[in-house]
């Protein structure tokens, strides 16, 4: 990545890298490019170095979502590899079409969701600039759509901009329950892996707004591989920091939330497929449950060997 950072031109972001085994062709702009000094990058690189010392490799993913990549890893690495499912602590599979929204805990935003059409959720570790947040806030107000926005420390200020069509909260500790609510019309996400998994489990369509690290890659999978979302920002310049302007955002979210828009209807319909895959994988006999049981069996067998 360091080499790519230093030698690729800013305008070369639309070029496709098509020679990585198990990965469909990917735009250069989608790679987590930086000069290598980022703390998170260093942690990731250390993680790759540890693989050679590992006895098992576990992924909090589902095989059916990325079979080609998993198959390549299994062919290249000599250690056992398991895809053990989403590993979301508060995830509970119910018999009804959506996940339970009545677990005895009361949240004001869950009550407000009875009129929700759109949820915009900011990432947990990285954030956009204040100027970009303002463009998004003014766009949501002007668009007229209903939304739930987790604004974290900016929540109070953003409330004053957004108007009364939406609800801005500081935190949401029930994201999967929110996404699984039948009134959700879409998920504006930075595409961190946890949020991506939750969106797939809930069967929602995405507006992707990645910032850093694995987020652009997750966005690529959502938009190009699974085809259950649109990119908010289509600019393909490497390390681009250009603001997405209010008018552009208004047009996009209105189209995305338009029930009469054929393209929007198509991605909402397609989003049911990965949801069904995920649900099958985490039931008895599914790929995730089978892999998890196999891993536990391997551990137990290892403890019996003198």
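Residue numbers (this note's numbering): 35 to 340.
Note that the Cβ used here is the ideal one computed from N, Cα and C, for glycine as well.
Since we're looking at a predicted model, the values are computed, not measured.
In the DSSP output, which residue or residues are listed as bridge partners for residue i?
{"i": "residue 263", "result": "240"}
{"i": "residue 117", "result": "93"}
{"i": "residue 60", "result": "51"}
Alpha carbons only, please: which of the options is nearest the one belonging to residue i?
{"i": "residue 92", "options": "330, 196 and 337", "result": "330"}
{"i": "residue 179", "options": "302, 167, 285 and 49", "result": "285"}
{"i": "residue 326", "options": "114, 48, 268 and 59", "result": "114"}
{"i": "residue 99", "options": "268, 64 and 120", "result": "120"}
{"i": "residue 317", "options": "256, 235 and 276", "result": "235"}
{"i": "residue 205", "options": "189, 239 and 163", "result": "189"}
Around the Cβ of residue i, are there at least 16 other Cβ atoms within 10 angstroms (buried) or fewer (exposed)?
{"i": "residue 37", "result": "Because the pLDDT at residue 37 is just 44, under 50, the model does not fix this residue reliably, and the value given afterwards should be weighed accordingly. Residue 37 comes out exposed."}
{"i": "residue 150", "result": "Reliability of the predicted coordinates at residue 150 is poor, the pLDDT of 36 falling under 50, and the value obtained from them is presented with this limitation in mind. Burial call: buried."}
{"i": "residue 84", "result": "exposed"}
{"i": "residue 334", "result": "exposed"}
{"i": "residue 297", "result": "exposed"}
{"i": "residue 86", "result": "exposed"}
{"i": "residue 249", "result": "buried"}
{"i": "residue 202", "result": "buried"}
{"i": "residue 166", "result": "buried"}
Inside the segment 164–235 only - beta strand (DSSP E) runs reaching at least 3 residues:
181–184, 200–203 and 221–223
Segment contact, 8 Å Cβ cut-off, at least three pairs: the segment 253–271 with the segment 304–313:
yes
Tell me, please, whether the segment 219–226 touches the segment 239–251 by the rule of three or more beta-carbon pairs shorter than 8 Å.
yes
Using 8 Å as the cut-off, can you tell me whether the segment 170–185 makes contact with the segment 201–220, which would need three or more C-beta pairs spanning the two stretches below that distance?
yes
Contact between the segment 169–178 and the segment 281–297 is defined here as three or more beta-carbon pairs at a separation below 8 Å; is this criterion met?
yes
The segment 102–112 in contact with the segment 45–59 per 3-pair CB rule at 8 Å
yes
Quick one: complete beta strand (DSSP E) runs, 3+ long, within the segment 262–333?
263–265
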